Each structure stands twice: as structure tokens, then as C-alpha cells.
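Numbering (my numbering), first residue to last: 108 to 417.
Working notes for the structure below.
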């Protein structure tokens, strides 16, 4: 019998934290975060990080493990997570993975390609060249390295074009070969039975919860939190500095946006995120794995999780 992972995700502000705590208590589980912003110390209010009291009730893992000016790669995450999962299960407890960061969440189901470090001068030159020329010119450079085609690469996405170009140069291999090799890789948790649950609420209810959360964050001291994070070097970590709630507050503190519009700006950008999440869930998540929790205070027992296909 394979070891099991229960994986709980859902929309921003849907109520993952409170509902996960209830399920973990009932099912002898420890919580493993796959929310990439919860890794960072000091990012508390803007991430709606679980409170110290909540984390004292149920063991939580992968929260507050990095300073805000330190980036954290997916390979580092997976290496640590595999150790934690093994330790939890050795204690005879269940693992409940909780979070909404798609890239990290997907790492439980499929192999992932880590960020490429720009160590060589050649890669650094490409990175600089990409920043200083039109996307069409970069595409032409990439196409010259791939005479057999780009394998369905999203050529309208500059970030994907740059990553493909860098990886082709770093490995000396064309995209089609890299895709074949990637498809043959094993995932980090292929040896586990995975059970998935995605939480949702009606759109209007989610948007009301978003607005309430934003107002509560600002009242709780989001602006002061961001001031401290700026002193601690958050701008050295683009992933953290660009997170919703933080980038808008940073813009206000730099004088690039009005403080009077801060709550509206954060709420608007969060609604845009909800729209993207809705599209992603509809495309990739089976309907039977989605649970409307608009009238629930506690999750049902095991049956609400469904076997994941990957």
C-alpha cells in the first residue's frame, strides 16, 4: 500500500486555513504549506499567515523558513518537503498539504523544471540582451536554435521565451528534445497516493470576503509591516515584493500610488487573481474534486477528497 498525501487548495480567501485546521484535528494530520509567500518571515498580515495560536494547535511545516530577502527554489522546497513528509508518516500521522501557489502545488503531481541559475557569462549576456531588444528579435534568436520548431511554446509570453532561450543555450539541446526528456522524468511524489480537494464559494461571496480581508489587513497594520520588510530587503526578492498586497503598498510608500486608493487597488488585483484561479481550476481540476464550502464550518471526513489522476 502506497503512503498517502491529502492536498487541499482553493481560491484566495475561500477559508483554507480554518477548514484545514478542523480537518487536521479530526484526522490526526500535520499541515504542510505549499504557499510560497508563507516561507518568508515577517510577511504575516499581507499573506493572512496562520496565527501562532493556530500553528500551536496543529504542527505546521514550511512556514517562516526564510528571510524576506532570500529567494527559495522549487528544488530546495521539494528536498525539504520529502524529508518532512517521511518524518510525519513515521510518526503515524497523516499529511495535509495546504496552499494555493500553483507552481509549488503542481510539484506534488508532476516533475518540475527548477529556475536556471545565470552562472555563466553567456547566460548573463542573453538575459541582458533579452531586456534590451524587442521580443520578436529574441524569438528569432530562439528559433535559430530550434530549426524543428518550438513545440507549442507560448511565444507571446516574454518570460517563457526567455526561459526557453536560456535553457537551450545552457544545455545545448533544442526545445523538442528538452520536452521529451522532461516528460520522461519522475515526479517527486510519484510513489504516493494523492487525494485532492479544491474549495470554492459563490463568486459574490468570495469577492465580499476578499474586500473584508483587505480592510482587515490594512487595519491590522499592513503598511507598517511593509515598511519593516523594505528595511529587511524585500526588494531583493522579486517574488515577495510583487505579491498582491505588498506591491501595491510598496507603490504607495514610494509615492507611485495614492494611499487613499490602497484598499481598492489590492481588492481589484485580488479579484483579477480570482478570475485566473477560476480559469485554471475549470481547465485542470475535475468537478468531483471541487467542494462548495459556503455553508460549511467543518470539512466532511475523508470522502470529500478524491483520488488525483497524477
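Every residue gets a Cβ at the ideal spot worked out from N, C-alpha and C, and that includes glycine.
No experiment lies behind these values; they were computed from the predicted model shown.
Tell me which same chain residues have a C-beta within less than 6 Å of the C-beta of residue 147, skipping the five on either side of it?
For the purposes of this step, residue 147 is taken as the residue at position 40 of the chain shown. Within the same chain, residue 147 has close Cβ partners 173, 175 and 347.
Local Cβ density within 10 Å of residue 387, reported as buried at 16 or more and exposed below that:
Here the question's residue 387 lines up with position 280 in the chain shown. Taking all protein chains shown into account, residue 387 has fewer than 16 neighbouring C-beta atoms within 10 Å of its C-beta and is therefore exposed.
Measure the Cβ-Cβ separation of residue 377 and residue 317 and say whether it is below 8 Å.
Numbered from its first residue, the chain shown carries residue 377 at position 270. Numbered from its first residue, the chain shown carries residue 317 at position 210. At a Cβ-Cβ threshold of 8 Å, residue 377 and residue 317 count as neighbours.
Could you tell me which residues DSSP puts in a beta bridge with residue 304?
Reading the chain shown from its first residue, position 197 is the one you call residue 304. 115, per the DSSP bridge assignment.
Residue environment, residue 371, which counts as buried when at least 16 other CB atoms sit within 10 Å
The sequence position of residue 371 within the chain shown is 264, counting from 1. Exposed, because fewer than 16 other Cβ atoms sit within 10 Å of the Cβ of residue 371.
DSSP on residue 398, reduced to helix/strand/coil?
As a working mapping, residue 398 is identified with position 291 in the chain shown. If DSSP states are grouped into helix, strand and coil, residue 398 belongs with the strands.
Sequence-distant residues of its chain with Cβ nearer than 7 Å to residue 128 (five each side left out):
By 1-based counting over the chain shown, the position of residue 128 is 21. 161, 164 and 165, listed in sequence order.
Check residue 205 in the structure and name its three-state DSSP category.
The residue labelled residue 205 in the question sits at position 98 within the chain shown. Strand, per DSSP.
Determine the direct distance from the alpha carbon of residue 154 to that of residue 330, and round the result to whole angstroms.
If you number the chain shown from 1, residue 330 lands on position 223. If you number the chain shown from 1, residue 154 lands on position 47. C-alpha separation (whole angstroms): 13 Å.
Who does residue 414 pair with in a DSSP beta bridge?
Here residue 414 corresponds to residue number 307 of the chain shown, with the count starting at 1. Paired residues: 302.
Where the alpha helix (DSSP H) through residue 158 begins and ends
For the purposes of this step, residue 158 is taken as the residue at position 51 of the chain shown. Run containing residue 158: none; DSSP gives neither H nor E here.
Given residue 237, which residues of its chain have a CB within under 6 Å of its CB, disregarding the five upstream and five downstream residues?
Translated into the one-based positions of the chain shown, residue 237 becomes position 130. Excluding positions up to five away in sequence, the list reads 245 and 269.
I need the straight-line Cα distance from residue 251 to residue 274, nearest angstrom please.
Sequence index remark: in the chain shown, residue 251 carries index 144 (1-based). Sequence index remark: in the chain shown, residue 274 carries index 167 (1-based). In a straight line, the C-alpha of residue 251 is about 14 Å away from that of residue 274.
Helix, strand or coil: how does DSSP classify residue 227 here?
Within the chain shown, numbered from 1, the residue matching residue 227 stands at position 120. Coil.
Residue range of the alpha helix (DSSP H) that residue 257 falls in?
Translated into positions along the chain shown, residue 257 becomes position 150. Premise fails: residue 257 is in no alpha helix (DSSP H) and is neither H nor E.
Sequence-distant residues of its chain with Cβ nearer than 8 Å to residue 337 (five each side left out)
Counting from 1 along the chain shown, the entry for residue 337 is found at position 230. Correct list, in chain order: 357 and 360.
Are residue 135 and residue 240 close, meaning C-beta to C-beta below 8 Å?
Here residue 135 refers to the residue found at position 28 of the chain shown. Here residue 240 refers to the residue found at position 133 of the chain shown. Going by C-beta atoms, residue 135 is not nearer than 8 Å to residue 240.
Measure the Cβ-Cβ separation of residue 303 and residue 181 and say whether it is below 8 Å.
Position 196 of the chain shown holds residue 303. Position 74 of the chain shown holds residue 181. No.
Spatial distance of residue 131 from residue 293 (CA atoms)
Within the chain shown, the letter at position 24 stands for residue 131. Within the chain shown, the letter at position 186 stands for residue 293. If you take the alpha carbons of residue 131 and residue 293, they lie about 29 Å apart.
Straight-line CA distance for residue 391 to residue 121?
Walking along the chain shown from the start, residue 391 turns up at place 284. Walking along the chain shown from the start, residue 121 turns up at place 14. Cα to Cα, the separation comes out at about 19 Å.
Provide the residue(s) that pair with residue 173 in DSSP beta bridges, ordered along the chain.
For the purposes of this step, residue 173 is taken as the residue at position 66 of the chain shown. Beta-bridge pairing by DSSP links residue 173 to 147.
Taking the alpha carbon of residue 149 as the point to measure from, which residue in 344, 401, 332 and 353 has its own alpha carbon closest?
Translated into positions along the chain shown, residue 149 becomes position 42. Closest by alpha carbon: 332.
Using DSSP bridges, identify the partner residues of residue 350.
As a first step, residue 350 must be located in the chain shown, where it is residue number 243. The partner list for residue 350 (beta bridge, DSSP) is empty, contrary to what the question assumes.
Apply the 10 Å Cβ neighbour rule to residue 197 and answer buried if 16 or more other Cβ atoms are within range, or exposed otherwise.
Position 90 of the chain shown, counted from the start, is the residue given in the question as residue 197. Its Cβ having fewer than 16 others within 10 Å, residue 197 is exposed.
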